[in-house]
Structures are given as structure tokens and as C-alpha cells.
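Report on the following structure.
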Amino acid sequence: MTDAHALQRLLTWASPAFPVGGFAYSAGLETAIADGRVKDRATAREWIDGALRAGAARNDAILLSQAHRDFTSPEKLQGLADLCLALTPARERYRETLAMGEAFVTAARAWPSDVTGSLPSPCPYPIAFGALAAAHGIALLDALLAFLTAYMQAQVSVAVRLVPIGQSDGLAVIAALEPLVAEEARNAQHATLEDIGGIAYGADIAQMRHETLTTRGFKS
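Right, here's the structure in full:
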């Protein structure tokens, strides 16, 4: 289990106040809103549910889990980073995971660790999060819960601002998705690289089309 000091660190790292720039990205959700596919609380929940069950969020959680286990091996971390980028179908998503990963590594230097110097450069976000969480004694399941919760909350924030669904409906979506986040965190805890895969093609295409939107509020 994660001790109190490491838990404090995890809460800081997963907080919207931690300077990784996650607020600037929509992971294709802005495109879905512009197309009218996400237009209310129900469709926002459905979209985020799909990403957690069968999209990029699920794969990122599995990669985080592997990075947590292999945090002492620079070679394995490099392999995981390469795989993470190979699984990224859209250019904006590619830039997103690298930008957030590098920002995370930079910000986490406030808590010195030898592992920081062993990370790939540039380092995708889930690889950096998993490896540094392990290096600082943060339990894998706790790291996965924090990572997936932060992802889900960021997506809800996009829906609150752009649909807009409003704060009350946004909180209702967060509450409704809590069991799924916990389930996916437990699944990722025991997953292997052979379990990686996804069928969230709509989200992938939305990320690809995002760069052609006439008006954009987010980077992806």
C-alpha cells in the first residue's frame, strides 16, 4: 500500500494544478462535440466510457502498469515508450502524450529520483507516470486509479465547457464513471502487453480530424 507521504505526492501529481498541461487537450472530444455526437450528459458519459473501456485510456493504463513494474530498466522503459508512440494513430495525440510526459518529468524533478535520468527522452506521459510512481513508492493500483481518474475528470471538464453540460451534470458523469475507473484500474494492474488493443475507432478518427477544425479551443 502507498504510505502517507507517497500518497500526498500522488495526489499532487494527479491534480489539475500539476503543470503537465492536460487542460489544453481534448483527445478528440472537441471534434465529437463540434459534430454533434456529444451533445448532453448522456452522450458525454458514453464517449468517456468508451475511451476507458476500449480506447487510448485503457492502453495507457496498461503501459503505465508495465512501466511501474520495469521502472529500474532503461531498456524496457525505452521499449514501452516506443510501443506507446506506435499505438498513437493521430499526430495531435502523439504530440499530446509527449508534451505531457516531458512536462511531467520536468515538474516531478522537485522530488529527486535516480529513475528520472533513466527515462526515455522524450518520454510519453503514461510511461513517465508509471515509472516515477514506482520509484517513489506509490502502489500500482493507486497510481492507476489516480491516472484514470485524472483522465476522466479532464474529459468531463471539456464537456462542461464546450457542450456545455454544466457543473451539476459534469459531477453526475464523474460519479457515474467512478465504478468503471476502479474496474479498469484493477484490470490494468494485472494486464500484460498482450492485452493491449482497442476498438474506439470513432475517437481515433476524431483526433485525426481535430486539426482540420475551423475553430479550436483545445490542442487535440
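Numbering of the sequence shown is given in our numbering, commencing with residue 335 and proceeding in unit increments.
Just so it is clear, CB atoms sit at the ideal spot from N, CA and C, and this is done for glycine as well.
Fair warning: this is a prediction, and the values are worked out from it, not measured in the lab.
Beta-carbon separation (whole angstroms), residue i vs residue j, contact threshold 8 angstroms
i           : j           : result
residue 360 : residue 492 : 5 angstroms
residue 386 : residue 514 : 6 angstroms
residue 487 : residue 472 : About 19 angstroms separates the two Cβ atoms, so there is no contact after all.
residue 395 : residue 528 : Between residue 528 and residue 395 the Cβ distance is about 15 angstroms, and since that is not below 8 angstroms, they are no contact.
residue 525 : residue 407 : Between residue 407 and residue 525 the Cβ distance is about 18 angstroms, and since that is not below 8 angstroms, they are no contact.
residue 523 : residue 382 : Not really, about 21 angstroms apart at Cβ, beyond 8 angstroms.
Backbone CA spacing between residue i and residue j [nearest angstrom]
i           : j           : result
residue 480 : residue 391 : 12 angstroms
residue 501 : residue 511 : 15 angstroms
residue 496 : residue 553 : 14 angstroms
residue 439 : residue 450 : 7 angstroms
residue 363 : residue 521 : 24 angstroms
residue 506 : residue 409 : 43 angstroms
residue 445 : residue 379 : 35 angstroms
residue 458 : residue 375 : 31 angstroms
residue 504 : residue 337 : 31 angstroms
residue 434 : residue 453 : 14 angstroms
residue 498 : residue 549 : 16 angstroms
residue 534 : residue 393 : 11 angstroms
residue 469 : residue 350 : 22 angstroms
Under 8 angstroms between C-beta atoms of residue i and residue j
i           : j           : result
residue 284 : residue 355 : Since the first residue of the chain shown is 335 and the last is 554, residue 284 is not available in this structure.
residue 414 : residue 424 : no
residue 466 : residue 447 : yes
Closest Cα partner of residue i within the set the options
i           : options            : result
residue 365 : 346, 432, 540, 376 : 540
residue 475 : 367, 516, 456      : 516
Near the ligand ADP: residue i beta-carbon under 7 angstroms from a heavy atom
i           : result
residue 546 : The ligand content of the structure shown is nil, which means the ligand ADP is not present either.
Collapsed DSSP secondary structure at residue i in the structure displayed
i           : result
residue 425 : helix
residue 497 : coil
residue 354 : coil
residue 561 : Since the displayed the chain opens at 335 and closes at 554, residue 561 lies outside it and no answer follows.
residue 384 : helix
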